[in-house]
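Everything on this sheet refers to the single structure shown next.
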Amino acid sequence: MLLYQTRLFALLNVFALQAVILALSVAWQAYVQDAIHLYVTAAIAFAFKAVIIPVALHRIISRLGIHRDVENVVGIGPTMLAGLALVALSIVVMLRVVSEADALAREDLAFALSVVLLGMLMMVVRRNAVSMVVGFMSLENGLILAAAGAKGMPLVVEISVAFSVLVAFTVIGVFLFRISERFETVDARALEQFQGDRL
Amino acid sequence: MSGLPLDGLAAILVLPAATAALLAFMPGYRVSAAINVASSLLTFLASLSFLFVKPASGDYFLVDDLNIVFVVLNTFVAFTASVFSASYIGHELETGRLTSIHLRFYHAMYQALTFAMNLALVANNIGLMWVAIEMATLTTVAMVGVYRTQAAIEAAWKYFVLGSVGIALALFGTILVYMAARPVLGEGVGGMVWTTLLGRVAEFDPALLNLAFVFLMLGYGTKVGLAPLHAWLPDAHAEGPTPISAVLSGLLLNVALYAVLRFKLLLDANARAIAPGPLMATLGLVSLIFAAFMLYRRRDIKRLFAFSSIEHMGIIVFAFGMGGPLANFAGLLHMTMHSLTKSAIFFTVGHIAQAKGTQQIADIRGLTVSHPALGWSLVLGVLAIAGAPPLGIFTSEFLVVSSTFARAPWLALLLVFGLLVAFGALILRLQGMAFGEPSPGDRQTTASTLPIAAHFGLVLLAGLYLPPPLVAWFQHVATMLK
Chain A
16 MLLYQTRLFA LLNVFALQAV ILALSVAWQA YVQDAIHLYV TAAIAFAFKA
66 VIIPVALHRI ISRLGIHRDV ENVVGIGPTM LAGLALVALS IVVMLRVVSE
116 ADALAREDLA FALSVVLLGM LMMVVRRNAV SMVVGFMSLE NGLILAAAGA
166 KGMPLVVEIS VAFSVLVAFT VIGVFLFRIS ERFETVDARA LEQFQGDRL
Chain B
727 MSGLPLDGLA AILVLPAATA ALLAFMPGYR VSAAINVASS LLTFLASLSF
777 LFVKPASGDY FLVDDLNIVF VVLNTFVAFT ASVFSASYIG HELETGRLTS
827 IHLRFYHAMY QALTFAMNLA LVANNIGLMW VAIEMATLTT VAMVGVYRTQ
877 AAIEAAWKYF VLGSVGIALA LFGTILVYMA ARPVLGEGVG GMVWTTLLGR
927 VAEFDPALLN LAFVFLMLGY GTKVGLAPLH AWLPDAHAEG PTPISAVLSG
977 LLLNVALYAV LRFKLLLDAN ARAIAPGPLM ATLGLVSLIF AAFMLYRRRD
1027 IKRLFAFSSI EHMGIIVFAF GMGGPLANFA GLLHMTMHSL TKSAIFFTVG
1077 HIAQAKGTQQ IADIRGLTVS HPALGWSLVL GVLAIAGAPP LGIFTSEFLV
1127 VSSTFARAPW LALLLVFGLL VAFGALILRL QGMAFGEPSP GDRQTTASTL
1177 PIAAHFGLVL LAGLYLPPPL VAWFQHVATM LK
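Here the protein sequences come in this chain order: A and B. According to the numbering used here, the residues represented by the first sequence are 16 to 214, in order. According to the numbering used here, the residues represented by the second sequence are 727 to 1208, in order.
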């Protein structure tokens, strides 16, 4: 879904939707595993990712006045195909590897890996800094899903993931502001300065 | 350390954290620079106490012979870098490249980074280790971007994106390790404690462990700067403040390497999982040869030494990948020597760039004439890093090569080839910068030669004579690494 969206606002809405689904699935895991701390994780995921971050990004985008189309490096068709391939890959890999584990955990991991890979794909194919941020957070969603699926994983990790998203977002926010101060655009192509001396 | 109310372990964590909080509210750069130095010194002294009294290990923290080497090295270089940073930052403030508010931020971040690195090194819980490395990444991202120039922001952004993707992959790997451990160890904290994992790892599902190691290797390997994943490294080194380049090269890469080593030990202990050695050796060798060729094309002096860091991390990872007591010993020694030498080089280069007002290699000429102390330091540093005898890096490279020759002559040939290519590139660049007619634009700087001299002194000493207790210690660690 995220890969298909060509406008930034739509992208953010889809991201919020993904976060809601994430929160629900984590809550479901909490119910199945009878683990109270996972409800906390679900609540954090819902509050931060489904509400606060999309709203904040909305405001940033409106303030910068960049709610125009997102440019893709690769066209939508090939991107979707690549996305499908990645999902298939992660399912194949995961099902083979964790054949001994129970079915729920197995499918959970397969989903998590595919969300992680799709997040990476999104970071690769988008030029715009905001959509890279969204790709990154989608990647983190996948990680939370994986952590929730791992039965009885200590709370340390979930808190840290939530915390890291928060920190990451502040860092990203600061960078977005600085980037926009300097280049009047959030297009990552404007950042390509040192073609001669890099690799 | 009888004088301390707390033990050394608490000290190396609490000191930097408290100082970071303090410095965040401290106006005036002289005072905060002095506090920065003092706190780093105290942390170093506290880490030395590990040599005498080993703190108890628990579910969250672990101090063993392996990480003592890392912690002591880490805090020592952090201390000398803070001394250098004090004089360097003073100059930056005079020339107006930094304002005092940014500086306050910078000093607080410096201590936060020290805290994060120490935490990563003493963590026994793989989740905690991950959090610490993530924190170290975020603080360095903030510091790389501190100049607010276009290039600095680009470098910081690139570092942030690549670093966080790497870290995300590492977390996925960490979760997979837990998944593998769960059927054996049961649910709860036990499945994330490294020492517990190591005890039972032989019973884990090998397929899951393999997959986990691939993610961990790619994730933490990004932070080590291994070759296909190194793109952030040169930019971050070139555009950030030079003390940070020194800390990045000398310390942060080691911390990431340490994480890789811990997981390599886990994989080694499971007979049915893939052997991690060949994967590491391949990545290391690729990094070495790739970086050696890249050295020829560099025009920026800090970028040049950043690529040299990739080259050396390649050698170290290769040595650990080969495994065996001798190669591990060589890898450890090389890591120590590289940290000392490379940070000393960055100290020198920082002063050179300030004196000449440029980082372009072509605009830096005749340093031995115009700035004798800096010029000869650079000559010594480049000779050391290129591996000329009798300096410490020669010893360790020689050990890597000879231990490889005994077991895989073809790999040793490739290794020697990479080393020679890098040697040629560095000497070529050195000639132009150090000798000949001096280029114009020599502002005098108040160079702090003390940290540079201390590092080179140690490197030279190690090349000439390694004290037997140190050799015994490293040998012990090397056999521990298998």
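We put the beta carbon where it would ideally sit given N, CA and C, even for glycine.
query: Specify, as a first and last residue, the run of the alpha helix (DSSP H) that B/V919 falls within.; result: Careful: B/V919 lies outside any alpha helix (DSSP H) and carries neither H nor E.
query: Shorter than 7 Å from the beta carbon of B/L942 to some beta carbon of chain A?; result: no
query: Check whether the Cβ atoms of B/A1110 and B/T1067 lie closer than 7 Å to each other.; result: yes
query: Let me know the secondary structure DSSP gives B/V750 once reduced to three states.; result: The sequence given here places Ala at residue 750 of chain B; Val does not occur at that position. If DSSP states are grouped into helix, strand and coil, B/A750 belongs with coil.
query: Would you mind sorting B/L1070 into buried or exposed? The rule is 16 or more other CB atoms within 10 Å of its CB.; result: For the record, residue 1070 of chain B in the displayed sequence is Ala; it is not Leu. By the neighbour-count rule (16 or more Cβ atoms within 10 Å), B/A1070 is buried.
query: In chain A, which residues lie with their C-beta within 7 Å of the C-beta of B/A743?; result: Within chain A, no residue comes near B/A743; the closest Cβ sits about 16 Å away, beyond 7 Å.
query: Within its chain, find whatever has a CB closer than 8 Å to the CB of B/F796; leave out the 5 residues flanking it on each side and keep chain order.; result: L847, N980, V981, Y984
query: Within 7 Å of any Cβ in chain A, is that where the Cβ of B/L897 sits?; result: yes
query: Need the endpoints of the alpha helix (DSSP H) that B/S1035 sits in, please.; result: 1027 to 1048
query: Which residue wins for smallest C-alpha separation from B/Y786, given the options B/P1116, B/G917, B/L1009?; result: B/G917
query: For the alpha helix (DSSP H) containing B/F805, list its first residue and its last residue.; result: 791 to 820
query: Quick check on B/I1078 - is its C-beta less than 7 Å from some C-beta in chain A?; result: no
query: Between which two residues does the alpha helix (DSSP H) carrying B/D994 extend?; result: 979 to 995
query: Residues of chain B with CB closer than 8 Å to the CB of A/L158, please, in chain order.; result: A894, L897, F898, I901
query: Indicate the three-state DSSP secondary structure (helix, strand or coil) for B/A759 in the structure shown.; result: helix
query: Applying a beta-carbon distance threshold of less than 8 Å, which residues of chain E neighbour B/V887?; result: Although the question refers to chain E, the structure presented lacks it and instead comprises the protein chains A and B.
query: Would you mind stating whether B/A1017 and B/L942 have Cβ atoms separated by less than 7 Å?; result: no
query: Return helix, strand or coil for A/N28, following the three-state DSSP convention.; result: helix
query: Decide if B/Q1086 is buried, meaning its Cβ has at least 16 other Cβ atoms within 10 Å, or exposed.; result: exposed
query: Does B/D791 pass the burial test, meaning 16 or more other C-beta atoms within 10 Å, or should it be called exposed?; result: exposed
query: Using the rule of at least 16 other Cβ atoms within 10 Å of the residue's Cβ for burial, across every protein chain shown, is B/A878 buried or exposed?; result: buried
query: Hey, how far is the Cα of B/T801 from the Cα of B/S811?; result: 15 Å
query: Is the separation between the beta-carbon of A/V131 and that of A/G157 shorter than 7 Å?; result: yes
query: Thinking C-beta only, is B/S1096 closer than 7 Å to B/I1178?; result: no
query: Under three-state DSSP, which class holds B/A999?; result: coil
query: With a Cβ-Cβ cutoff of 7 Å, do B/T922 and B/P1051 count as a contact?; result: no
query: Say whether the stretch 870 to 890 of chain B touches the stretch 925 to 936 of chain B, bearing in mind that this needs 3 or more beta-carbon pairs closer than 8 Å, one atom from each stretch.; result: no
query: Looking at C-alpha atoms only, which residue of B/V789, B/A862, B/H1064, B/L1009 is the closest neighbour of B/N851?; result: B/V789
query: Enumerate in chain order the residues of its own chain whose CB-to-CB distance from B/Y832 is below 8 Å, with the five nearest sequence positions on each side excluded.; result: I815, L824, M869, V872, P967
query: Identify the continuous alpha helix (DSSP H) that holds B/Y885 and give its terminal residues.; result: 876 to 911
query: On the DSSP bridge list, what partners appear for B/Q1086?; result: B/D1026
query: Would you list, in chain order, the members of the stretch 949 to 981 of chain B that have their beta-carbon closer than 8 Å to a beta-carbon of chain A?; result: A957, P960, D961
query: Would you list the residues sitting across from B/N851 in a DSSP beta bridge?; result: B/V919
query: Taking A/E155 as the query, report the chain B residues whose CB atoms sit under 7 Å from its CB, ordered along the chain.; result: A894
query: Need the endpoints of the alpha helix (DSSP H) that B/D961 sits in, please.; result: 958 to 965
query: Look at the alpha carbon of B/A1180 and the alpha carbon of B/V740, and state the distance between them as a whole number of angstroms.; result: 27 Å
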